[in-house]
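Heads up: the structure comes next, in structure tokens.
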Amino acid sequence: MLNTYLTPEMVRLQIDVKDWEAAVRAAGNLLVDAGYVSPNYIEAMINAVHEMGPYMVLAPGLALAHARPEDGVLKMGISLVTLAKPVNFGSEANDPVNLVIAFGGTDHESHLGLLVTLASFLEDESRRKELASVKTYQELDQLIKAQ
Amino acid sequence: MKNLRIMAVCGFGLGSSMILRLKIDEVLKKHGIKAETFCSDVTTAPGEKFDVVFTSKEIKDIFKKVSQPVIVIDNFLSIPEIEEKGLPILKELANQG
């Protein structure tokens, strides 16, 4: 289940950030601090948005920030930050964003299961809204378990 | 019926496009369309062999010169959007040849 990856130290809820870069940094720092990626992975995630546009904003309100395995992934992991005030990534279709997931995958095959779980958890818009509004890890954990 | 090759494309071909591919697979299964789905990245995608491509608005311009249908999806998690934009084309392609 998702909470095996989204442990308390991989989640920060209702944080204040000034822009999308700070939001990606906050999510990326959780991965760095837990030893999942090296610090340059954060820059690679940010550069990807600068270079290729905000396509990582997958759905209304939701960004899945990531770069390539060779950009500094040490082991597969994800982190989640939710934003007290949403930020714009420049996505015509899906701004503003209040859920930012940072994802580090090691290879195409091994992270498939995690993405399947993530996609089925997040596809429901009302669940995304609930997720954006949780205040404590316990509430998040309950939301995950209720899936 | 020929075996369709459906490509999902994002910047690196492994995160966003993988999620899109999973949702396309769900749509194919739901509607009984047999096809092969795969992911690609912005660099290699235009040279891949495919019958139809799904991608995002930000990336679609790399396919300006290809003749195959390009389907732009706003919400990669939305089965209804993939059905609405993709199904007519997928059904047509699946019935050819």
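Line order of the protein sequences matches chains A and B.
Position one of the first sequence corresponds to residue 1 (this note's numbering), numbered consecutively onward.
Position one of the second sequence corresponds to residue 1001 (this note's numbering), numbered consecutively onward.
The beta-carbon is built from N, C-alpha and C at its ideal position, and this holds for glycine as well.
What are the uninterrupted segments assigned as alpha helix (DSSP H) that are 4 or more residues long and contained completely in the segment 1005 to 1040 of chain B, given in chain order? 1016 to 1030
Buried or exposed for B:T1044, please, with buried defined as at least 16 other CB atoms from any protein chain shown within 10 angstroms of its CB. exposed
Secondary structure at A:N98, three-state DSSP: helix, strand or coil? strand
Spatial neighbours of A:A34 within its chain, please: C-beta separation below 7 Å, excluding the five flanking residues on both sides. E9, M10 and G77
Who are the Cβ neighbours of A:Y41 in its own chain at under 8 Å, not counting the five residues just before and after it? G28, L31, V32, A67, D71, G72, V73 and G104
Chain A residues whose Cβ lies nearer than 8 Å to that of B:M1018: H108, H111, L112 and L115
Over what stretch of residues does the beta strand (DSSP E) that includes A:A63 continue unbroken? L62 to H66
Helix, strand or coil, according to DSSP, for A:T106 in the structure here? coil
For A:L74, three-class secondary structure by DSSP: coil
Going straight from the alpha carbon of B:E1092 to that of B:L1077, what length do you get? 23 Å
A:T117, enclosing alpha helix (DSSP H) - first and last residue: L112 to L122
Can you tell which of A:N94, A:A23, A:Y36 and A:N47 has its C-alpha closest to the C-alpha of A:L13? A:A23
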